[in-house]
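Number of protein chains: 2
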Amino acid sequence: MKFDTSDMQHAQQNDEAGGSIYERLRDDIISGRVKANERLKVAELASRMGTSTNPVREALQQLRGEGFVVMTPNRGARVRPIDEDFVRDICEIEVLIEPALTRWFVGIATREDVEELERLQEEIEAMNFGDELAHSNLDLQFHQLMYNRHYNRHAVELWVRHRHILWAISRGFPTSLSRQANVLGEHRELIACIKAQDPEGAANAIARHVEGSGRHIMERMRLSKR
Amino acid sequence: MKFDTSDMQHAQQNDEAGGSIYERLRDDIISGRVKANERLKVAELASRMGTSTNPVREALQQLRGEGFVVMTPNRGARVRPIDEDFVRDICEIEVLIEPALTRWFVGIATREDVEELERLQEEIEAMNFGDELAHSNLDLQFHQLMYNRHYNRHAVELWVRHRHILWAISRGFPTSLSRQANVLGEHRELIACIKAQDPEGAANAIARHVEGSGRHIMERMRLSKR
DNA sequence: TATTGACAAATAATGTACAATAAAGGAATT
DNA sequence: AATTCCTTTATTGTACATTATTTGTCAATA
C-alpha cells in the first residue's frame, strides 16, 4: 500500500481533511494511490482515518454500489483497477451519450445560451490553460450549460460521474499543446454548429472532443507509468 | 432466477425470507412496494428484516451508490422515485449502448455463435411466452451471448444493471400479443443481420427492440396506475 | 524427504448493542 | 403569534461479540 507512514502526516490528514471518508477513499482509488485489486481492510482503514469501523464500512458499500470497489462475501473489499481500459470504457460510453445530449441541446438553445457559451469560451481562451483548476471549472460550466437542462436525468448523472472520474485521473497531468489547441477548436466548432442550428455537426464535434480527451488521458497515463 | 455472477455475490445466507437485505430493499423500491420519496428508517427496516441495524445501513449505502436511494446528512434515506420517466431515461441510454455492443458482436460472431442464437430463439418460440420466468431467462441468455464477450466491461455492466431494473419493474406485467410478435420478429431479424454480416442492420434491429421494450413497459406502468 | 491432511491459532469480516449527536415536534412563556 | 426550551425520534459513531476465512504447525503417509 502506498500511503505515507508518517504519523504526523496521518494526524494532519485526520484533522484537516475536509472530505468525508467516502471522498478520501474514492480519491485514493481513482488517483491510483492504492493499487489495483488491493485489499481494503476495514479495521486498518478505520484506524488510518481515525474513526471507528462503521463509517468505513458504509463508505465501502457506497463505493461498491458505484463500482469502485468489489466485495465478496466474508472476504471484504478490493479496489477495482482504474487503468487505461477503464478510461477507454468510460470514454466509449460518453462518445455515445454526449452527442445525444448535445443534439437535443441544439434544439432548445436560446440566443442567451449561445452568448453564455461564447462568454465562457472567451474566458477559457483568455486564461489559456494557465490554472488547471480554473480551466477545469470553466470547462465544466461550459458543458453543464448544455447538459444540465436535459430531461434525461439519468444520462446527465452518468455524465457527471464519468466526468468526475476522468478529472480525478487526469488531475496533475499536464495538457499537451496539441491537445490544448484541439480543445479550443472543438469548442469553437461546437458553438458554431449550435448557432447554425446544425445538430449533427454539433454531435460530431462533441464526439471528437470526448474521444480526443480520452486519448489524451490514456497517453498521459501510459507516460506516467514509466 | 439468477442473472449473473455478480448477483451470486450479493446473494447471502441471510435467513428466512430469501434474498439478502440489499436485494429485498432494492426489490421493494423497484417494484414500487415502497412509495416514491418515502423515508427509509433504519431501525424500522432492521426490525422488519429481523436483523440489527448495521446490515440495513450498509444495504442502504450500496443502494445509494447505485442511485436507488437518496441520502441527506443526518436525516437518512429516501427512495428514489421509479416512474415512467425513469424507465424512459434508462431505455434511452440503452438505445445508445446496445446497438454499439451489437455492432461489435457482428464482427466477431462465429458460426457456432449464430447456431447457439438460433437454438435459443427456437426455444423461446417453442415456449411462446408460456412461462414468464423461463422466457426471461432464455432472453437473457440470448442477449448475454452477444454482449458478454465485449471488451467494454463497464458498458456491459451498465447493460446488466439496466436490464435487471427493467425486469424487476415489468415482472408480473403481462406481455401483449403485439409485443410478443415484435420480440420474436426483432430477434429473427437480428439473427439474419448477423448471418449476413450486416452490422448496421443488426444495430438498427436492436435499437427498435430496446425502444419497443421500453414503450411496452411504460404502457403497462400507466395501465397499472389506475 | 517431501507432501498431504487435520487442526488450532490468528486475522478479518459480519452482526449486535448501545452511546452520542443532530433534527423535528410541541408546549409554555413572552 | 413568535420564540425558547425541552422531549421525542432517528441518524451517526463506538465498542464489542460472533463467525468465517486464512495461515501455520505438526504428524502421518507415500
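These protein sequences, in sequence, are chains E and Z.
Quick note: to get our numbering, add 13 to the position in the first sequence (first position is 1).
Quick note: to get our numbering, add 13 to the position in the second sequence (first position is 1).
Note that the Cβ used here is the ideal one computed from N, Cα and C, for glycine as well.
Worksheet item: How do the stretch 119-132 of chain Z and the stretch 204-219 of chain Z stand: do at least 3 beta-carbon pairs fall below 8 Å, yes or no?
Response: yes
Discussion item. Does chain E have any CB closer than 9 Å to the CB of R166(Z)?
Written reply: yes
Worksheet entry | Within chain Z, the residues that E170(E) reaches when beta carbons sit closer than 8 Å | G80
Discussion item. For E111(E), tell me which candidate among R201(E), Q157(E), A90(E) has the shortest Cα-Cα distance.
Written reply: Q157(E)
Worksheet item: Is the Cβ of R221(E) closer than 9 Å to any Cβ of chain Z?
Response: no
Worksheet item: Using a beta-carbon distance below 9 Å, is I121(Z) in contact with chain E?
Response: no
Worksheet entry | Contact list for the stretch 100-129 of chain Z against chain E, Cβ threshold 8 Å | R101, D102, I103, E105, I106, L109, I110, A113
Practice prompt. Quick one: measure Cβ to Cβ for A59(Z) and T66(Z), integer angstroms, because I've assumed they're closer than 8 Å.
Written response: 5 Å
Worksheet item: Who are the neighbours of R70(E) on chain Z, taking C-beta pairs under 7 Å?
Response: E71
Worksheet item: Buried or exposed: where does G143(E) fall if 16 or more other Cβ atoms within 10 Å of its Cβ makes it buried?
Response: exposed
Worksheet entry | Proximal chain E residues relative to L76(Z), where beta-carbon distance stays under 8 Å | G78
Discussion item. At the 9 Å Cβ level, is N67(E) part of the contact set with chain Z, yes or no?
Written reply: yes
Worksheet item: Is the beta carbon of C115(Z) sitting closer than 9 Å to the one on M159(Z)?
Response: Here residue 115(Z) is Thr; the residue named in the question, Cys, does not match the sequence. Contact flag set, yes.
Discussion item. Among G80(Z), S33(Z), V69(Z), A56(Z), whose alpha-carbon lies nearest the alpha-carbon of N50(Z)?
Written reply: G80(Z)
Worksheet entry | Length-filtered (3 minimum) beta strand (DSSP E) runs lying within the stretch 46-97 of chain Z | 82-84, 90-92
Discussion item. Taking contact to mean 3 or more Cβ pairs, one atom from each stretch, closer than 8 Å, check whether the stretch 166-181 of chain Z and the stretch 212-220 of chain Z are in contact.
Written reply: no
Item to complete: With F155(E) as the anchor, note down where its alpha helix (DSSP H) starts and where it stops.
Response: 145-160
Item to complete: Report yes if the CB atom of F155(E) is closer than 9 Å to the CB atom of H200(E), and no otherwise.
Response: yes
Discussion item. Given a cut-off of 9 Å on the beta-carbon distance, is the pair R174(E) and D102(Z) in contact?
Written reply: no
Worksheet item: How is A122(E) classed by DSSP in three states: helix, strand or coil?
Response: coil
Worksheet item: What residue from G63(E), E97(E), R52(E) has the CA that sits closest to N87(E)'s CA?
Response: R52(E)
Discussion item. Taking the straight line between their C-alpha atoms, what separation do you get for E97(E) and G63(Z)?
Written reply: 44 Å
Item to complete: Mind reading off the beta-carbon distance from V100(Z) to V47(Z)? Whole number of angstroms is fine, and I expect it under 8 Å.
Response: The pair is not a contact, with the Cβ atoms about 17 Å apart (cut-off 8 Å).
Practice prompt. Would you mind sorting A90(E) into buried or exposed? The rule is 16 or more other CB atoms within 10 Å of its CB.
Written response: buried
Worksheet entry | Nonlocal neighbours in the same chain, by C-beta distance under 7 Å from G227(Z), ignoring five residues either side | V100, R101, C104
Worksheet item: Hey, quick one: how far does the alpha helix (DSSP H) through Y164(Z) stretch, first residue to last?
Response: Looking at the DSSP string, Y164(Z) is not in any alpha helix (DSSP H), and its letter there is neither H nor E.
Discussion item. Any beta carbon from chain E within less than 9 Å of D98(Z)'s own beta carbon?
Written reply: yes
Discussion item. Just verifying my parser: in three-state terms, what is the DSSP assignment at Q134(Z)?
Written reply: helix
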